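Quick notes on the structure that follows.
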Amino acid sequence: MSKEKQRREALLYHAKPQPGKIKIVPTKPYSTQRDLALAYSPGVAEPCLEIEKNKDDVYKYTAKGNIVAIISNGTAVLGLGDIGPEASKPVMEGKSLLFKIFADIDGIDIELDTKDVDRFIETVKTIAPTFGGINLEDIKAPEAFEIERRLKEELDIPVMHDDQHGTAIISAAALLNALEIAEKRIEEVKIVVSGAGAAAVSCTKLYKAFGARTENIVMLDSKGVIRSDRETLSEEKKEFATDRKIDTLEEAMKDSDVFIGLSIADIVSPQMLNSMAENPIVFAMANPNPEIEYDLAMKTRDDIIMATGRSDHPNQVNNVLGFPFIFRGALDVRATKINEEMKMAAVRALADLTREPVPEQVNIAYDATRLTFGRDYIIPKPFDPRLITKIPPAVAKAAMDSGVAKFPIQDWAKYEEELYQRSGNDNKVVRLLHNRAKVNPKRIVFAEAELLDVMKAAQIVHDEGIGIPILLGNKETIENLKAELEFDAEVPIIDPRSDEFSEMRTQYALKLWELRKRKGETKYSARVNMGKRNYFGAMMLKEGDADGMISGYSRSYPKVLRPVFEVLGRAKNVKNASTVNIMITDRGPLFLADTSINIDPNAEELAEIAQMTANVAKTFGFNPVMALLSYANFGSSSHPNAQKVREAVRILHERNPDLVVDGEIQTDFALDPEMSSKNFPFSKISGEKVNTLVFPNLESANITYKLLKGLNNADSIGPIMVGLTRAAHILQLGASVDEMVNMAAVAVIDAQEREKRKIAKMQGE
1 MSKEKQRREA
11 LLYHAKPQPG
21 KIKIVPTKPY
31 STQRDLALAY
41 SPGVAEPCLE
51 IEKNKDDVYK
61 YTAKGNIVAI
71 ISNGTAVLGL
81 GDIGPEASKP
91 VMEGKSLLFK
101 IFADIDGIDI
111 ELDTKDVDRF
121 IETVKTIAPT
131 FGGINLEDIK
141 APEAFEIERR
151 LKEELDIPVM
161 HDDQHGTAII
171 SAAALLNALE
181 IAEKRIEEVK
191 IVVSGAGAAA
201 VSCTKLYKAF
211 GARTENIVML
221 DSKGVIRSDR
231 ETLSEEKKEF
241 ATDRKIDTLE
251 EAMKDSDVFI
261 GLSIADIVSP
271 QMLNSMAENP
281 IVFAMANPNP
291 EIEYDLAMKT
301 RDDIIMATGR
311 SDHPNQVNNV
321 LGFPFIFRGA
331 LDVRATKINE
341 EMKMAAVRAL
351 ADLTREPVPE
361 QVNIAYDATR
371 LTFGRDYIIP
381 KPFDPRLITK
391 IPPAVAKAAM
401 DSGVAKFPIQ
411 DWAKYEEELY
421 QRSGNDNKVV
431 RLLHNRAKVN
441 PKRIVFAEAE
451 LLDVMKAAQI
461 VHDEGIGIPI
471 LLGNKETIEN
481 LKAELEFDAE
491 VPIIDPRSDE
501 FSEMRTQYAL
511 KLWELRKRKG
521 ETKYSARVNM
531 GKRNYFGAMM
541 LKEGDADGMI
551 SGYSRSYPKV
561 LRPVFEVLGR
571 AKNVKNASTV
581 NIMITDRGPL
591 FLADTSINID
601 PNAEELAEIA
611 QMTANVAKTF
621 GFNPVMALLS
631 YANFGSSSHP
641 NAQKVREAVR
651 ILHERNPDLV
661 VDGEIQTDFA
671 LDPEMSSKNF
681 PFSKISGEKV
691 NTLVFPNLES
701 ANITYKLLKG
711 LNNADSIGPI
721 MVGLTRAAHI
731 LQLGASVDEM
741 VNMAAVAVID
751 AQEREKRKIA
761 KMQGE
């Protein structure tokens, strides 16, 4: 993607459909006059009077305890410098977004138009009663040090400058683990720190708290090594000034054990790397380009343990592993500050988490067979669902132990469950989907590439590295669309009707005739069909000329389904293909089946649909907890419609006793663990959080998923086709660009899984 194209897309993202990235929504009913009378006058007076009597009741009656102010003056915006308060607002809104999606904290961004330290501090102190915590952001040093220090001293709510402490906490956890792997002690290692800004100073102070010795540390700024004999050193730099008679990074690197880079790109050479001690630890964290490129460093030394700030290499030092969860723990015990004990607890929790077995959901997201503690895994991944249940409790406990918690936690098991419910980790399916597809992109046929929205989706799939598009349709039309979209990448364009591909079309037609000559297909009809994009695209998959296909944007589902079925057919041992929609809801993802194909399946077919749906849930890293739905509950009706669901459950229990599935059951009971536990304690899903719903017929499944999508604005991924011989997926008519991108990612993952099974089978033979 060109820089200009990327620029326009970024501007459009922030401007449409409404400006900005966050909004405020009500949390209480407001539909009746009674509701409004309670929300405002006269009812609102009652909590006001209670808070007047006891100021701490503000946490009981208002949202204060879950609101963090993200405050900046825009003087040190990452990669942009001093751009001012207004220009920094998109960054602060982005921080609010991260607070919400990772820890369910409401972040309110506040940009202050002042560079005066006293005025900044007084302003924050004045507005502090509104908030449960203060996250300082993108404030230049040395002012940042004084602002944070004074606010921590003068306020009774948590205050943290994430630019300083976020990187420090994450990198410290990575360093502790790297030292263990290198079999070195933090008290003995020689550390070189390139950079002397807020983050570098905070990192080095935290390393000292864990045992690093000042005499073993060399820090450099833009003038070179910070030496004790240099004049006009700030107080922060004086702490790390060395007595060694060296001036350059090259001299400092010789025989060092650890390099911490928080400076600029490409300042570390292979020669410097080779001069380091055995098993060197290199954290090159300059963004977007590290102090030495990852591939160059790995090529230079095979004993290196390396981390960067980038997501495309192992061991990403990413602040999102820290600040949402640290504030979550601090807010939940109403901590009066974020102290050293709490930061160190977060470090230890992150380091310890890395050594635990990694959930399959994380392995799937990163297309890893098994992530294990080692040189390429010294810090958890941002998609790890355990972060929300491990880091906040560690921080909260440290706050309690150090005497700064005003609301101690009594029931830790209950708190952990509350964190899981808050986390939204179940709703990260789309990010997991794209991330996994990018690991091993596959060739995906876009059968309707002559259409603008389809071409937009293909461009995103290409530019984001999700897959490799193959565009079917009239070449001139597609080239014109590409020019309009500035999609200048060289991707295959195939017109099944053109003379250029006549030989390919003829070969495909013969294949189709051989396949279906006893099912009414003639050589003539096969040639005609191969001029149609859905037949042609499906044959590309069958012949191995593509890995996946999506179609259906402009045609009804049955019209696209027929050529796909005729060419590809059902997989071995599958009687009926079916479809699954993943609905992204407030309670987490729901897998719904069959939403598009089987009109009125019998009991045997329902059981097969359920089993294939369970496999889809597992593919996405979720343990299926499945309800087979009906209008009846466990034998309450003898009607054949209820009986077939009951029989399907019996078949599933008999054939797959380990599968958590039950029914027949009504939807409200299935989705409410308390109701199911109270009324049906004998059920396999009693008290469980159901995430997979199998409907008794197509009508109920299709209506339900479209109701969820239309009324609740629930995002939908699907219909995901299951039971075919190849990775072909048919869109709903008029699917959005985002839906097409998601389905292309599904097709990539489907193709990846098929490739793995094929390789495993070959190895087994």
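What the sequence shown shows, in the UniProt record's numbering, is residues 1 to 765, in sequence order.
For every residue, glycine included, the Cβ atom is placed at its ideal position computed from N, Cα and C.
Just so you know, these numbers come straight off a predicted model, no measurement behind them.
Return helix, strand or coil for residue i, following the three-state DSSP convention.
i, result
"F446", "strand"
"F259", "strand"
"A265", "coil"
"Y420", "helix"
"I609", "helix"
"I326", "helix"
"A144", "helix"
"K756", "helix"
"F283", "strand"
"A182", "helix"
"S716", "strand"
"L11", "helix"
"M306", "strand"
"V159", "strand"
"A277", "coil"
"G663", "strand"
"V454", "helix"
"I292", "coil"
"T242", "strand"
"P357", "coil"
"M342", "helix"
"M298", "helix"
"I460", "helix"
"I466", "coil"
"T126", "helix"
"V189", "coil"
"V741", "helix"
"A335", "strand"
"residue 782", "Any property of residue 782 remains undetermined from this structure, which presents the chain solely from 1 to 765."
Going by Cα to Cα distance, which pick from the options is closest to residue i?
i, options, result
"residue 766", "D352, M583, F695, P640", "With the chain covering only 1 through 765, there is no way to say anything about residue 766."
"F446", "H653, V395, Y535, Q666", "Y535"
"R244", "E153, N216, K706", "N216"
"T300", "G309, N319, Q271", "Q271"
"N274", "M253, E293, L707, S402", "M253"
"T667", "T130, S683, M306, N633", "N633"
"H462", "L472, D106, N474, R443", "R443"
"F240", "E503, G329, R227", "R227"
"N702", "S637, E647, N598, S676", "N598"
"T619", "S498, N289, D600, A751", "A751"
"L471", "A744, D113, R757, G132", "A744"
"I550", "E739, N641, T692", "E739"
"V746", "K758, S736, G718", "G718"
According to DSSP, which residues form a beta bridge with residue i?
i, result
"G133", "V68"
"I730", "S551"
"L220", "S194, V225"
"D109", "I70"
"V625", "V660"
"L485", "Partner(s): none; L485 has no beta bridge."
Does at least one heavy atom of the ligand COA sit under 7 Å from the Cβ of residue i?
i, result
"L273", "Among the ligands in the structure shown, none appear at all, so the ligand COA cannot be discussed."
TODO: With a floor of 3 residues, list each beta strand (DSSP E) that falls wholly inside the segment 17–99, ordered by position along the chain.
DONE: 67–72
Task: Length at least 3, wholly inside the segment 543–590: the beta strand (DSSP E) runs in chain order - done: 548–551, 578–585
Open item on the list: Which complete alpha helix (DSSP H) runs does the segment 362–417 hold, if anything under 4 residues is left out?
Closed with: 387–401
- [ ] Pair every Cβ in the segment 279–298 with every Cβ in the segment 231–238, then say whether three or more of these pairs are closer than 8 Å.
- [x] no
Open item on the list: For the pair the segment 565–580 and the segment 601–614, tell me if three or more CB-CB distances fall below 8 Å.
Closed with: yes
Task: Cβ pair count under 8 Å reaching 3, the segment 52–63 against the segment 139–148 - done: no
Open item on the list: When you compare the segment 173–185 with the segment 341–360, are there three or more beta-carbon pairs, one atom per stretch, that lie closer than 8 Å?
Closed with: yes
- [ ] Count the CB pairs spanning the segment 515–534 and the segment 563–570 that are closer than 8 Å, and state whether there are at least three.
- [x] yes
TODO: For the segment 92–99 and the segment 3–11, state whether three or more C-beta atom pairs, one from each stretch, are separated by less than 8 Å.
DONE: no
TODO: Examine the Cβ distances between the segment 448–459 and the segment 478–486 and report whether three or more of them are shorter than 8 Å.
DONE: yes
Open item on the list: Taking 8 Å as the cut-off, does the segment 397–415 touch the segment 332–348 (at least 3 CB pairs, one atom from each stretch)?
Closed with: yes
- [ ] Decide yes or no for the touch test of the segment 100–120 against the segment 81–90: beta carbon pairs closer than 8 Å, at least 3 of them.
- [x] yes
- [ ] Mind listing, in chain order, the continuous beta strand (DSSP E) runs of no fewer than 3 residues lying wholly within the segment 474–545?
- [x] none
- [ ] Please determine if the segment 186–197 and the segment 147–155 are in contact, where contact requires at least 3 C-beta pairs separated by less than 8 Å.
- [x] no
TODO: Examine the Cβ distances between the segment 285–302 and the segment 121–130 and report whether three or more of them are shorter than 8 Å.
DONE: no
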